[in-house]
Amino acid sequence: MVSKKILGVAIAAAFSSQAFATVDLNAATGAVVYAKESVTNAQVASGLVQVTGGALGAQVKIGFGVSAGAHAFIRFDLTNGKFKNAVVPGDLADATTAGNVPAANVVVAQGGAAGDAYVIFDVTATASGIPQADVLTLALAGLQLSPTSATTLKFAHYSTSPDAVNQTNALASASAQEASVANALTTTISATSLTADVGNGSGTPFTTFVAPASAGPAVIGNVKFALAAGSLDATGAPVNTLAQVITPASSSYSVTGDLSFTTSTTAALTAADLTFGGVASDTAATNVPSAKLSTLAGQVLAGAGNDVAITAKSAINAGSYSLTVNLAGIANAAYAPATVSGAIGSISRNGATVQVPYLTTNTGLNQKVVLVNRGSSDTTYSVSFTTEGTVTAVAGTAATGTLKAKSTTVLKATDLVTLTGGSRTAATVTVLAPNSTIDAATQTVVTDPASVSFGSSDTVALDVK
């Protein structure tokens with residue numbers, strides 16, 4: 004039968020071990036993390052974060068036996084931190100055998116005042132002595148922590164006071180990270196690739212997506228918020244909501260990229276064509292920076308994250324998109340949360356696109372664009388223009404048309420466009436057919452009799468994407 008005395012000692016030892024240290028200096032585990040974003044200006048003094056709670060302190064094996072009546076000098080040193088409260092004899096205990104280090108046998112010999120970074124305990128062993136396997140615990144009511152570097156706690160056991168003061172001839176020692184003030188919020192932006200469909204049977208090409216197919220909201224990316232497990236605020240309370248590290252109502256998203264194809268008949272409808280986690284953008288999503296959600300109040304923490312989705316109301320342009328997550332700190336925040344940016348997605352087309360970097364209507368040249376449709380069906384094409392400087396371009400009669408199946412179509416530059424203010428431009432040819440069935444080239448013939456190159460021709464094969 005277990006005696007009440009033995010049972011009482013066992014219970015006391017168990018409670019001592021739980022109530023004190025989270026950090027095991029021998030195993031270098033259990034460091035406490037305080038969420039930097041949750042710290043307020045009132046919790047910072049002299050550049051250090053004033054923290055309480057969170058099972059501060061440590062446990063460590065004494066490492067060298069102490070005989071009855073002998074003295075053990077136990078020293079703890081903080082790096083990148085200071086004691087917030089004065090250390091007292093009762094802060095040191097024995098978690099293995101509760102009665103081996105009673106407070107009555109402990110004296111704070113040196114250091115340990117609020118603002119100090121070290122303390123030396125003079126421990127007089129009881130009649131039972133202190134076995135070398137015993138685990139000491141140090142309980143701390145609070146600490147002053149560096150906001151930029153982790154705070155470490157070092158233990159050393161000495162046999163004399165001079166050795167403890169001079170930190171020489173340690174009988175045992177151990178060290179580990181005690182605590183840190185670090186960003187707890189992680190914002191992850193994931194990108195998605197979409198393909199605009201060349202034809203959806205409605206006569207309006209590139210207004211739906213394929214792979215995966217979608218006519219309504221199509222996910223172009225995702226934003227996920229996560230908090231570091233076990234993070235605490237400066238008072239020791241668990242940090243498990245976005246509102247503890249940011250002010251959601253003042254935080255926002257903004258998208259960079261061509262969103263002109265989301266334009267509906269009204270601004271409100273257009274805003275609903277760009278959604279974040281199911282919440283409509285609060286401004287018309289036509290062009291950046293108006294593609295924006297000005298509050299993150301409706302966004303979720305962790306889980307599947309918040310999908311960014313778009314709905315097309317006109318032809319979808321190929322392009323890439325990026326997202327900036329602008330995070331506002333909590334009220335009176337001492338440290339601002341990080342703004343995060345990244346690729347949110349890209350859109351390609353499953354039709355054929357031909358870039359013509361140089362197209363000229365110069366009277367001394369006869370330039371043609373040659374398009375070959377190797378497919379078994381007729382298809383349509385259209386040509387758009389990108390001019391330089393003050394040059395203006397007006398599409399000609401040949402700028403749109405039909406490419407007959409298994410046939411070659413030759414388009415004169417002067418039929419494709421009329422240029423004012425210059426005679427050259429770049430062009431983009433879009434063909435509503437798979438790129439595997441289309442070939443393209445330009446041919447330029449010198450027609451100016453005065454030119455030394457009169458009659459010569461140049462043919463350039465163009466990439467079809």
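Take the position in the sequence shown, starting the count at 1, then add 3; the result is the number in our numbering.
Beta carbons: idealized from backbone N, C-alpha and C, even for Gly.
Source: prediction; values computed, not measured.
Option nearest residue i by Cα separation, candidates the options
{"i": "Ala58", "options": "Pro360, Ser379 and Gly239", "result": "Gly239"}
{"i": "Ser254", "options": "Lys87, Thr298, Thr151 and Gly425", "result": "Thr298"}
{"i": "Ala144", "options": "Ile192, Ala182, Asp466 and Gly56", "result": "Gly56"}
{"i": "Thr473", "options": "Ser351, Phe457 and Gly281", "result": "Within the shown structure, residues of the chain are numbered from 4 to 468, placing residue 473 beyond reach of any answer."}
{"i": "Thr383", "options": "Thr433, Ser460, Thr395 and Thr342", "result": "Thr433"}
{"i": "Pro208", "options": "Pro220, Ser344, Ala315 and Asn169", "result": "Ala315"}
{"i": "Ile123", "options": "Ile133, Phe79, Lys85 and Gln147", "result": "Phe79"}
{"i": "Glu391", "options": "Asn329, Asn335 and Thr363", "result": "Thr363"}
{"i": "Pro340", "options": "Gly33, Val111, Glu40 and Asn29", "result": "Glu40"}
{"i": "Gln247", "options": "Thr163, Ser459, Leu330 and Thr412", "result": "Leu330"}
{"i": "Gly68", "options": "Leu95, Val36 and His160", "result": "His160"}
{"i": "Leu51", "options": "Leu148, Lys407 and Ala274", "result": "Leu148"}
{"i": "Val386", "options": "Ser349, Lys409 and Thr428", "result": "Thr428"}
{"i": "Val47", "options": "Thr447, Leu435, Gly425 and Asp236", "result": "Asp236"}
{"i": "Ile249", "options": "Val126, Ala116, Asn335 and Ala34", "result": "Asn335"}
{"i": "Leu81", "options": "Ala120, Ser176 and Leu272", "result": "Ala120"}
{"i": "Ala30", "options": "Pro251, Ser176, Ala45 and Ile319", "result": "Ser176"}
{"i": "Ile192", "options": "Gly354, Ala396, Ser162 and Val311", "result": "Val311"}
{"i": "Leu296", "options": "Ala252, Ser323 and Gly332", "result": "Ala252"}
{"i": "Ser323", "options": "Ile333, Gly260 and Thr342", "result": "Gly260"}
{"i": "Lys87", "options": "Thr25, Gly280 and Leu146", "result": "Leu146"}
Close beta carbons around residue i, own chain, < 7 Å, minus the five adjacent residues each side
{"i": "Lys468", "result": "Thr356 and Asn438"}
{"i": "Thr450", "result": "Gly367, Leu368 and Asn369"}
{"i": "Ala294", "result": "Ser257, Val258, Leu262, Leu277, Ser284 and Ala288"}
{"i": "Lys407", "result": "Asn376 and Asp381"}
{"i": "Phe212", "result": "Leu197, Thr198, Ala199, Asp200 and Ala221"}
{"i": "Gly308", "result": "Asn225, Val226 and Lys227"}
Residue-chain proximity (residue i, chain C), Cβ-Cβ < 8 Å
{"i": "Gly84", "result": "You won't find chain C in this structure, because it holds only one protein chain."}
Cβ neighbours of residue i in the same chain (closer than 6 Å, five flanking residues each side left out)
{"i": "Thr440", "result": "Arg377 and Gly378"}
{"i": "Val359", "result": "Ala430"}
{"i": "Ser183", "result": "Val36 and Ala153"}
{"i": "Ser164", "result": "Phe76"}
{"i": "Gly93", "result": "Ala106"}
{"i": "Val282", "result": "Gly301"}
{"i": "Gly425", "result": "Val394"}
{"i": "Asn83", "result": "Ser149, Ser152 and Thr154"}
{"i": "Ser459", "result": "Val449"}
Which of helix, strand or coil DSSP assigns to residue i
{"i": "Ala288", "result": "Note that Ala288 has pLDDT 48, beneath the 50 cutoff, so the model's placement of it is unreliable and the number below is only indicative. Correct three-state label for Ala288: coil."}
{"i": "Val69", "result": "strand"}
{"i": "Gln46", "result": "helix"}
{"i": "Phe264", "result": "helix"}
{"i": "Gln135", "result": "coil"}
{"i": "Glu40", "result": "helix"}
{"i": "Gly102", "result": "helix"}
{"i": "Thr450", "result": "coil"}
{"i": "Val248", "result": "coil"}
{"i": "Thr210", "result": "coil"}
{"i": "Pro241", "result": "strand"}
{"i": "Ala179", "result": "strand"}
{"i": "Asn108", "result": "helix"}
{"i": "Thr298", "result": "coil"}
{"i": "Ala398", "result": "strand"}
{"i": "Pro220", "result": "coil"}
Expected contact under 8 Å - CB spacing of residue i and residue j to nearest Å
{"i": "Asp276", "j": "Ile313", "result": "6 Å"}
{"i": "Ser325", "j": "Ile347", "result": "6 Å"}
{"i": "Gln135", "j": "Thr155", "result": "Going by Cβ atoms, the distance from Gln135 to Thr155 rounds to 24 Å, so no, they are not a contact pair."}
{"i": "Lys85", "j": "Gly118", "result": "5 Å"}
{"i": "Val54", "j": "Gln113", "result": "No, Val54 and Gln113 are not in contact; Cβ-Cβ is about 24 Å, not under 8 Å."}
{"i": "Thr43", "j": "Ala337", "result": "6 Å"}
{"i": "Arg352", "j": "Ala305", "result": "Actually they are not in contact, since the Cβ atoms of Arg352 and Ala305 sit about 35 Å apart, beyond 8 Å."}
{"i": "Thr210", "j": "Ala318", "result": "6 Å"}
{"i": "Val111", "j": "Val90", "result": "6 Å"}
{"i": "Val413", "j": "Lys371", "result": "5 Å"}
Same chain only: Cβ atoms within 8 Å of residue i, ignoring 5 sequence neighbours per side
{"i": "Val71", "result": "First, the amino acid is wrong: residue 71 is Ala here, not Val. Around Ala71: Ala128, Thr129, Ala130, Ser131 and Gly132."}
{"i": "Thr99", "result": "Ala16, Pro134, Ala136, Asp137 and Val138"}
{"i": "Leu465", "result": "Val357, Gln358, Val359, Ala443, Ala444 and Thr445"}
Taking one C-beta from the segment 396-406 and one from the segment 417-425 each time, how about it: are there three or more such pairs within less than 8 Å? yes
Below 8 Å, how does it come out for the segment 61-78 and the segment 137-157: are there three or more Cβ pairs, yes or no? yes
Counting pairs of beta carbons, one from the segment 261-268 and one from the segment 184-194, are three or more of them closer than 8 Å? no
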